[in-house]
Amino acid sequence: MAHLVPLLLCWSGMAQAEATPRERFTTAINEINAGLGTIKAVTAPPPFVHPAQRARYEIVRETIAVFGTEAFPVDGMATFDTICAPLNEATVKHMFVGTAGLKKPGMTDAQLALLLQAATQRNALAYQNETVRLTVANLHCLTAHLPFMARFAEGLKPEEFTSIRRAGLEKTGTGLINTVFGLATQPLVPGSTPENSRMAIDAALKYAPAAVGFSIPAARQQAVRKMNVLASKVPPAFRSDFLKIRAVLQDQSCSSVCARFLATVPPSGTPPAMPR
Numbered sequence: 123m124a125h126l127v128p129l130l131l132c133w134s135g136m137a138q139a140e141a142t143p144r145e146r147f148t149t150a151i152n153e154i155n156a157g158l159g160t161i162k163a164v165t166a167p168p169p170f171v172h173p174a175q176r177a178r179y180e181i182v183r184e185t186i187a188v189f190g191t192e193a194f195p196v197d198g199m200a201t202f203d204t205i206c207a208p209l210n211e212a213t214v215k216h217m218f219v220g221t222a223g224l225k226k227p228g229m230t231d232a233q234l235a236l237l238l239q240a241a242t243q244r245n246a247l248a249y250q251n252e253t254v255r256l257t258v259a260n261l262h263c264l265t266a267h268l269p270f271m272a273r274f275a276e277g278l279k280p281e282e283f284t285s286i287r288r289a290g291l292e293k294t295g296t297g298l299i300n301t302v303f304g305l306a307t308q309p310l311v312p313g314s315t316p317e318n319s320r321m322a323i324d325a326a327l328k329y330a331p332a333a334v335g336f337s338i339p340a341a342r343q344q345a346v347r348k349m350n351v352l353a354s355k356v357p358p359a360f361r362s363d364f365l366k367i368r369a370v371l372q373d374q375s376c377s378s379v380c381a382r383f384l385a386t387v388p389p390s391g392t393p394p395a396m397p398r
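In this note's numbering, the protein residues as written are 123 to 398.
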């Protein structure tokens, strides 16, 4: 049996060196964010066609798919900060590549806003491979934390359900609806590849029910109205799923956190507690 010893030692070393899904995710997302620079001076990432660069996004996609399982567990809201936050950071950075020098002396906020809008639209197309993957991953991460958010909200005493907390939770629900809408309409983005369109609309269909459960009916209806206008323009390959997503968002039910939102609507004219 002596000849088995080197093999066993080799296997032991391989087992110890094998990274967990969380470790692989963290390494990949940190490398992505580092390659983009700071949020105040975002730099263009390496081309997605580079094997090492694409591999980082595919690792994020692969590992986040098991987030919420024993292989990569959710740890209350702690993982919201350690997993969701860097995903969101990377997504935002891609949208602001090349915008650091847009502000010129004497430029008004309105003029800057127009330039930023044009730049983010260009970046959404230029970095669609990256942003679709990151947005889908971020949506998965957020929905994995919704049960914890719901339990927190439902456990608050009336006096603890402050306007700031209410606004923050409602903003989360509206953000979910907007993300689902954005993914559902990816096939309408000029230049969107079939792969990215399919990835986006599949995610929208998967996570739409969770978004409904954590949002108020008004937010859903706003998305539905926009989808009504766009439905006839959706490419045939994606129209059936687009209509399924719209049907999910048409749900007017309201319970749990949603019911508490509506039961604590601020009086008319009350300024928002948080920026929206």
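We treat Cβ as the ideally placed atom computed from N, Cα and C, and that holds for glycine.
Remember, predicted model here, so these are calculated numbers, not experimental data.
- The alpha-carbon separation between Val370 and Gly223 amounts to approximately 42 Å.
- No residue range can be given for Ala187, since it is assigned to no alpha helix (DSSP H) and is classified by DSSP as neither H nor E.
- When the Cα atoms are used, Phe274 and Ala333 turn out to be separated by approximately 17 Å.
- In this model, Ala200 and Met271 are separated by some 12 Å (Cα to Cα).
- In the pairwise beta carbon analysis, the stretch 249 to 256 is classified as touching the stretch 306 to 317: at least three pairs are separated by under 8 Å.
- A direct Cα-Cα distance of roughly 44 Å separates Thr185 from Met229.
- Around the beta carbon of Thr165, fewer than 16 other beta carbons lie within 10 angstroms, which makes this residue exposed.
- When the alpha-carbon of Lys293 is set against those of Gly159, Phe147, Pro227 and Cys380, the nearest one is in Cys380.
- A distance below 6 Å between beta-carbons, with the five flanking residues on each side excluded, links Met349 to the following residues of its chain, in chain order: Arg368.
- DSSP, reduced to helix, strand and coil, places Ala156 within a helical segment of the structure shown.
- As the crow flies, the alpha-carbon of His216 is around 11 Å from that of Thr160.
- CA-CA distance, Gln343 to Gln372, rounds to 7 Å.
- DSSP, read as helix, strand or coil, puts Phe194 in strand.
- If the five residues before and after Arg176 are omitted, its C-beta is found closer than 7 Å to the C-beta atoms of Phe170, all from its own chain and listed in chain order.
- In this structure, the CA atom of Thr386 is about 24 Å from the CA atom of Leu264.
- With a cutoff of 8 Å on beta-carbon distance, Ala322 and Val258 are scored as near each other.
- Across the set Val351, Gly304, Phe194 and Gly297, the C-alpha of Gly297 shows the shortest separation from the C-alpha of Gly335.
- By the neighbour-count criterion, in which a residue is buried when 16 or more other Cβ atoms sit within 10 angstroms of its Cβ, Thr284 is exposed.
- Checking the DSSP bridge columns, you'll see Val164 partnered with Gly159.
- In this structure, the alpha-carbon of Pro168 lies about 17 Å from that of Thr221.
- In this structure Leu209 is in contact with Ile151, their Cβ atoms being roughly 6 Å apart against a cut-off of 8 Å.
- Secondary structure note for Phe364: its alpha helix (DSSP H) is the uninterrupted segment Pro358 to Leu371.
- Judged by beta-carbon spacing, Ala246 lies beyond the 8 Å limit of Phe189, meaning their Cβ atoms are not closer than that value.
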